[in-house]
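**Student:** Residue numbers (numbering that gives the first Met the number 0): 0 to 247.
In this text, a Cβ means the ideal position worked out from N, Cα and C, and glycines have one as well.
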Amino acid sequence: MAGGTLFLEVGDYYGGLLRASIEMNLLARVHGSMQALGGLVEAGVGGGATFYSGGSVAFIGIPVMVHGLDQFIAGMNTVITGEYRDTVTSQLLQATGISSDVAGIVDSGFSMVGTFGGTAILRAGQVSVFSAFNFLNESSISLSATNPLSAHLLKNKLIAQEISGGHAFEKHILNQGEFSGCSTRTQFAHHIENVLNNPSKIKVLNNGRIAYWHQKTGTVVIRNPSAIDGGTAFQPVDGIIYFETKLR
Numbered sequence: 000m001a002g003g004t005l006f007l008e009v010g011d012y013y014g015g016l017l018r019a020s021i022e023m024n025l026l027a028r029v030h031g032s033m034q035a036l037g038g039l040v041e042a043g044v045g046g047g048a049t050f051y052s053g054g055s056v057a058f059i060g061i062p063v064m065v066h067g068l069d070q071f072i073a074g075m076n077t078v079i080t081g082e083y084r085d086t087v088t089s090q091l092l093q094a095t096g097i098s099s100d101v102a103g104i105v106d107s108g109f110s111m112v113g114t115f116g117g118t119a120i121l122r123a124g125q126v127s128v129f130s131a132f133n134f135l136n137e138s139s140i141s142l143s144a145t146n147p148l149s150a151h152l153l154k155n156k157l158i159a160q161e162i163s164g165g166h167a168f169e170k171h172i173l174n175q176g177e178f179s180g181c182s183t184r185t186q187f188a189h190h191i192e193n194v195l196n197n198p199s200k201i202k203v204l205n206n207g208r209i210a211y212w213h214q215k216t217g218t219v220v221i222r223n224p225s226a227i228d229g230g231t232a233f234q235p236v237d238g239i240i241y242f243e244t245k246l247r
């Protein structure tokens, strides 16, 4: 009987990972398509600002265009493979020692600044980059500007689903009774996603991990890109003291 119970528990664990993997692949492709579209618009804004200014703002326009193409290529790779791909910009940032999550936030910031800046230059010159083709209009500029934030929120959703589909659900909810109000993996994923989107504190740990503290719920989420289930989430008894003194 014990053997049968163990078999069911193992089956449930790997079944959860499989379901999370399928959902992540689908959401990753949606994220990739948004990223590719936003990158294309960003590249158009940068290229248009350079061209229609006669090259006078090329020092701004060309980097914006290159960064937009970087976003477009990474987004298309994600659409094709179903796995999230870092941009070259993000990889270079990570090479300096910062975590992939922080690098992604900075990279998204570059997109927002570049798109808004390039659009401001175009409007100042009263030009429309693709006016002959009616390609770049107010809605596409708005999409590009909001896309980095949408991409970041979607990435947090993927991380939350990955963690909730792993060992943390069984250990901290089923076995230890943490997270009152969470009884399913879906509820657990929503809780983790809320912490990632609204952290009270963030702490960069060793081995490429990053920890998030949520004061209101007393929750710690640790994102570990190297772990099979993406990390863990729990509610330490000593709360913020644990977060600040015991996490390295």
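#1: Count Cβ pairs between the region 167-180 and the region 149-159 that sit closer than 8 Å; are there 3 or more?
#2: Using DSSP bridges, identify the partner residues of Thr-231.
#3: Which residues does DSSP list as the beta-bridge partners of Lys-200?
#4: Drop a sphere of 10 angstroms on the beta-carbon of Asp-69, count the other beta-carbons inside from all chains shown, and report buried for 16 or more, exposed for fewer.
#5: Pick out whichever of His-189, Phe-109 and Ile-79 has its Cα sitting closest to the Cα of Val-87.
#6: In or out: Gly-229 buried (at least 16 other Cβ within 10 Å) or exposed?
#7: How long is the line joining the alpha carbons of Ala-48 and Ser-199, rounded to whole angstroms?
#8: For Gly-45, which residues in the same chain have their Cβ closer than 8 Å to its Cβ, ignoring the five residues on either side in sequence?
#9: Relative to the alpha-carbon of Ile-158, which residue among Gly-96, Ser-55, His-190 and Asp-106 has its alpha-carbon at the smallest distance?
#10: Is the distance from the Cβ of Ile-209 to the Cβ of Asp-106 below 8 Å?
#11: What are the boundary residues of the alpha helix (DSSP H) that Phe-242 is part of?
#12: Which term fits Ser-182, buried or exposed, when burial requires 16 or more other beta carbons within 10 angstroms of its beta carbon?
#13: Is Gly-54 helix, strand or coil when you go by DSSP?
#14: Please state the DSSP three-state secondary structure of Gln-90.
#15: Can you look up Ser-98 in the DSSP assignment and give me helix, strand or coil?
#16: If you check the beta carbons only, do Thr-77 and Ala-27 fall under 8 Å apart?
#17: Within the same chain, show all residues whose beta-carbon is closer than 6 Å to that of Ala-232, passing over the 5 residues directly before and after it, in chain order.
#18: Taking 6 Å as the limit between beta carbons, can you name the residues of its chain near Ser-32, skipping five residues before and five after?
#19: What distance in whole Å lies between the Cβ atoms of His-213 and Val-194, which are believed to be in contact at a cut-off of 8 Å?
**Tutor:** In this structure, then:
#1: With the cut-off at 8 Å, the region 167-180 and the region 149-159 do not touch.
#2: The residue you call residue 231 lines up with position 232 of the sequence shown. Answer is Ile-221.
#3: To locate residue 200, count along the sequence shown from 1; it is residue 201. According to DSSP, Lys-200 bridges with Trp-212.
#4: Your numbering for residue 69 matches position 70 in the sequence shown. Around the Cβ of Asp-69, a 10 Å sphere holds 16 or more other Cβ atoms; the residue is buried.
#5: Reading the sequence shown from its first residue, position 88 is the one you call residue 87. Among His-189, Phe-109 and Ile-79, the Cα nearest to that of Val-87 is on Phe-109.
#6: Translated into the one-based positions of the sequence shown, residue 229 becomes position 230. It is buried - the Cβ of Gly-229 has at least 16 other Cβ atoms within 10 Å.
#7: In the sequence shown, counting from the first residue as 1, residue 48 sits at position 49. In the sequence shown, counting from the first residue as 1, residue 199 sits at position 200. Rounded to whole angstroms, Ala-48 to Ser-199 spans 39 Å at the Cα level.
#8: Within the sequence shown, the letter at position 46 stands for residue 45. Leaving aside the five residues that flank Gly-45 on each side, the residues in its chain whose CB is nearer than 8 Å to its CB run, in chain order, Ile-59, Gly-60, Ile-61, Pro-62, Val-63, Met-64, Val-65, His-66, Gly-67, Gly-113 and Gly-117.
#9: Position 159 of the sequence shown holds residue 158. With distances taken between Cα atoms, Ile-158 lies closest to His-190.
#10: Mapped onto the sequence shown, residue 209 falls at position 210. Mapped onto the sequence shown, residue 106 falls at position 107. Annotated as distal: Ile-209 and Asp-106, with beta-carbon spacing of 8 Å or more.
#11: Within the sequence shown, numbered from 1, the residue matching residue 242 stands at position 243. It spans 238-244 - the alpha helix (DSSP H) in which Phe-242 sits, taken as one unbroken run.
#12: As a working note, residue 182 is residue 183 in the sequence shown. Ser-182 comes out exposed.
#13: Residue numbering aside, residue 54 sits at position 55 when the sequence shown is read from its first letter. DSSP places Gly-54 in coil when its eight states are reduced to three.
#14: Mapped onto the sequence shown, residue 90 falls at position 91. Correct three-state label for Gln-90: helix.
#15: Start at 1 with the first residue of the sequence shown, and residue 98 comes out as number 99. In the structure shown, Ser-98 sits in coil (DSSP, three-state: anything other than H, G, I, E or B).
#16: Numbered from its first residue, the sequence shown carries residue 77 at position 78. Numbered from its first residue, the sequence shown carries residue 27 at position 28. Yes, the Cβ-Cβ distance between Thr-77 and Ala-27 is below 8 Å.
#17: Within the sequence shown, the letter at position 233 stands for residue 232. Within its own chain, the residues whose Cβ lies closer than 6 Å to the Cβ of Ala-232, once the five positions on either side in sequence are excluded, are Ile-162, Ala-167, Ile-191 and Val-220, listed in chain order.
#18: As a first step, residue 32 is located in the sequence shown; it is residue number 33 there, counting from the start. Here the set comprises Val-78.
#19: Position 195 of the sequence shown, counting from 1, holds the residue named residue 194. Position 214 of the sequence shown, counting from 1, holds the residue named residue 213. With 8 Å as the limit, Val-194 and His-213 qualify as a contact, their Cβ atoms being about 4 Å apart.
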